[in-house]
Amino acid sequence: MQDTLASPSPSQDAGGGYGGGRLDRVMGGLERLGNRLPHPFYLFTALFALLAVVSTALAWVNAGVTVPGTNERLPIHGLLTGDGISWFLENALTNFTGFPPLGTVLLMMMAVGVAERTGLLETAVRATVARAPKWLLPYVVAFVACQGHVMSDIALLVIPPLAALVFKAAGRHPVAGLIGAFACVCAGYSAGFTVGALDALYAGITEKVAAVLPAGQDAPTHLLVNYFFTASASVVLALIGGFLTARVLEPRLPALGTAESSDGSAGEKTAEPSSDEPAGISAEQKRGLLWATSAVCAYAVIVLVAWLLPGSPLRGEGGALVPSPALSGIVPILFGAFVIAGTVFGVKARTVTHPNYIPKMMGESVTSMSGYIVLILVIAQFIAVFTWSNLGTLLAVEGAELLKSAGLTGFTALVLFVLVVSVLNMLISSGSALWSLMAPVFVPTFMLIGMSPALTLAAFRIADSATQMISPLNPYLFLSLALMRRYEPGAQLGTLMSRLAIYVLPFIGAWLAVLGIFYAFDLPLGPGAGIGLP
774 MQDTLASPSP
784 SQDAGGGYGG
794 GRLDRVMGGL
804 ERLGNRLPHP
814 FYLFTALFAL
824 LAVVSTALAW
834 VNAGVTVPGT
844 NERLPIHGLL
854 TGDGISWFLE
864 NALTNFTGFP
874 PLGTVLLMMM
884 AVGVAERTGL
894 LETAVRATVA
904 RAPKWLLPYV
914 VAFVACQGHV
924 MSDIALLVIP
934 PLAALVFKAA
944 GRHPVAGLIG
954 AFACVCAGYS
964 AGFTVGALDA
974 LYAGITEKVA
984 AVLPAGQDAP
994 THLLVNYFFT
1004 ASASVVLALI
1014 GGFLTARVLE
1024 PRLPALGTAE
1034 SSDGSAGEKT
1044 AEPSSDEPAG
1054 ISAEQKRGLL
1064 WATSAVCAYA
1074 VIVLVAWLLP
1084 GSPLRGEGGA
1094 LVPSPALSGI
1104 VPILFGAFVI
1114 AGTVFGVKAR
1124 TVTHPNYIPK
1134 MMGESVTSMS
1144 GYIVLILVIA
1154 QFIAVFTWSN
1164 LGTLLAVEGA
1174 ELLKSAGLTG
1184 FTALVLFVLV
1194 VSVLNMLISS
1204 GSALWSLMAP
1214 VFVPTFMLIG
1224 MSPALTLAAF
1234 RIADSATQMI
1244 SPLNPYLFLS
1254 LALMRRYEPG
1264 AQLGTLMSRL
1274 AIYVLPFIGA
1284 WLAVLGIFYA
1294 FDLPLGPGAG
1304 IGLP
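The numbering of the sequence shown is the numbering used here, which starts it at 774 and goes up by one.
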C-alpha cells in the first residue's frame, strides 16, 4: 500500500495543472514555492533543531516573560542545557503518545474505516445527494462544514472525506469537496448556529479576565455572548466558501487519472467523476441503510437522554450541560455511532459476513495512516518543546504588547488586533491557549476605550479561525494531504497549501465585514451583549 505521506515523483507536474490566468499564475507560484520545502518530516526536524538552539541561547541570557494579569515571570528554558536534555529524554515518549490529535485521529479513522469499508458512507451519499443539483453541493457542504465545530476536532476528520465522496458521487471533483470542506471547517471553527465546548471555554476565560476591571463585573460574558455574530458569520462564510470552491478552486484542479507514485510505479487509478454514473442502490443496501439509520437514532436517543437526565454522570459540575463529560467525551461517543452504523449496515447489506471483518477493517484504516503517524512523531516533539520552553508565550505576549503600545482605538484597533493574532495563530495552534494569553491584555485594554469583552472575543474568533487552515502547526493539514493523495498520489504539501490559500483573505474579509456591520449599527453580538460596555 502506498505511503500516504511519501514524497511524490519528481516527474509530477509541479504546476498542478493551472492555466495561464493571473490567479492561475499566483496559485502555481504558491504551489511551486511550497513544493520546494522539504518533506514535512525533515521540515519539522529542522525547525526542532532551530528551536533547540534559540531556546538555549535565550536561556543563557536569562530571558523570560511575564504573562499579563499575573506576577509570575516565566523563564525561557533551553533544550540544550542539562535540564533540557533530561526533560526531553524523560518526556519524548509521552510527547508522542500523549499528543492529543494522534489518539483522536486513530480512533476516528478506525470508526470511519468500518463505515467506509462496509459501503455505508458511499450508499448514504448516493441515497441522499447523488441526484441533488450539482451547483448546490459546494454551498451545502460549506454550510455544513461551518457548523462542524460542535464536533470539535472530529469535524476535521469526518466532514472533508465525506465531502469528497459527496462530490464524487455527484460527478464533481472529489478533491474540491475535500479541500473546500477542510477550509470551511477551519474558517467556521469559531462560528455557526451550534454551541460547543470551545464556546464554554472562551466564555470562562473572558469572564475571569473581565473581572479585573470594575466595569467588567457587570459586562455579559455568558456562553451565548457571541451567538448572533457567529450565526450570521457562518452563513456568509458558507456562501463565500461555496463560491470559491465551485468557481475558483474546482475549475483549476487537474483531471484525475493515473499518477506516478514515489517509487516509480503506477499509482492508484481514480476514474474521473462521471455525471452519468449510476446513482441507484440495491435492495440489500437500502435495507442496510434503513437498519443502520434506525440503530444510530436509537443510540443517539440513549446518549441524549443520559445527558439530559438530572443527576446523570454525563452532566458537568453542578448539573451543567455545557461543559460536561458528554461534550468532552464526544470522540468515543462518535466512535460508537460510526461502528454501530457500519456494523449494522454491513450485516444487513451482506458486506460483513464474519465478525472478524470489523477489526480487520479497523486495522486496514490505521495502516493507511502510517505516514501520518511517523510525521506526528516529530511534530509532537516540536510543539512540546515550543510549549515547555515558554517561547510560544514569549512570542504571543510580545506581539500583544506591540499592538497595545500602538494606542489605536475604534474599529481600526480591532482590525489590527485580528491581523496580529492571525499571525500568532500560525505559531500557537490551540485556540484556548492563545486566548488565555491574549485575553488578559486585550480584554481590559479594549474595555478602557469603551469596548465590551464580547466585542474583543468576537474579534479573536476571527483570528482564531482564519489562518488555521494553512498553519504548519495544524496536524490536520497533513491529514488532509494524506486524504488528498488518495485521489492525487503526486500531490505535495505546496499543492494543498496553494489551494487553501485562496480561502484565507476572502474569509478574513468576510469575518471583518460582518463584525463591521455589527459595530457600525451597534447591534447586539449575543443575548444582552452589546458593542460597548453597559
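Every residue gets a Cβ at the ideal spot worked out from N, C-alpha and C, and that includes glycine.
Grouping DSSP H, G and I as helix and E and B as strand, with all else coil, what is Arg877? The amino acid occupying residue 877 in the given sequence is Thr; Arg does not appear at that position. Thr877: helix per DSSP, three-state reduction.
DSSP on Ala1302, reduced to helix/strand/coil? strand
Please look up how many angstroms separate the CB atoms of Tyr1249 and Leu929, rounded, as I've assumed it's under 8 Å. 4 Å
Going by beta-carbon coordinates alone, are Phe940 and Pro947 separated by less than 8 Å? yes
According to DSSP, is Leu1026 part of a helix, a strand, or is it coil? coil
Decide if Ser1067 is buried, meaning its Cβ has at least 16 other Cβ atoms within 10 Å, or exposed. exposed
In the DSSP assignment, the beta strand (DSSP E) including Leu910 goes from what residue to what residue? Run containing Leu910: none in the beta strand (DSSP E); it sits in the alpha helix (DSSP H), Leu910 to Cys919.
Keeping to the same chain, check which residues put their C-beta closer than 7 Å to that of Ser1225; ignore five residues upstream and five downstream. Ala992, Ala1302, Gly1303, Ile1304, Gly1305 and Leu1306
First and last residue of the alpha helix (DSSP H) that includes Val1125? Segment: none, Val1125 is in no alpha helix (DSSP H) and carries neither H nor E.
Just how far apart, CA to CA, sit Thr979 and Thr994? 6 Å
In three-state terms, what does DSSP make of Leu1288? helix
Give the secondary structure of Pro1086 by DSSP, where H, G and I count as helix, E and B as strand, and everything else as coil. coil
According to the neighbour-count rule (16 or more other Cβ atoms, all chains shown, within 10 Å of its Cβ), is Arg1020 buried or exposed? exposed
Answer with buried or exposed for Leu909, where buried requires no fewer than 16 other C-beta atoms within 10 angstroms of its C-beta. exposed
What are the boundary residues of the alpha helix (DSSP H) that Thr839 is part of? It is not in any alpha helix (DSSP H) - Thr839 instead sits in the beta strand (DSSP E) that spans Gly837 to Thr839.
Would you call the CB atoms of Ala1065 and Val1112 closer than 8 Å? no
Put Arg1272 into one of helix, strand or coil per three-state DSSP. helix
In whole angstroms, give me the CA-to-CA distance for Ile1075 and Gly1089. 18 Å
Residue(s) in a DSSP beta bridge with Pro736: Coverage of the chain is limited to positions 774 through 1307, which leaves residue 736 absent and any answer about it impossible.
Whole angstroms are fine: how far does the CA of Gly1165 sit from the CA of Leu831? 13 Å
Under 8 Å Cβ to Cβ from Glu895, same chain only, skipping five residues before and after it: list those, please. Glu889, Leu938 and Ala942
Can you tell me whether DSSP reads Met1142 as helix, strand or coil? coil
For Met1199, which three-state DSSP category applies? coil
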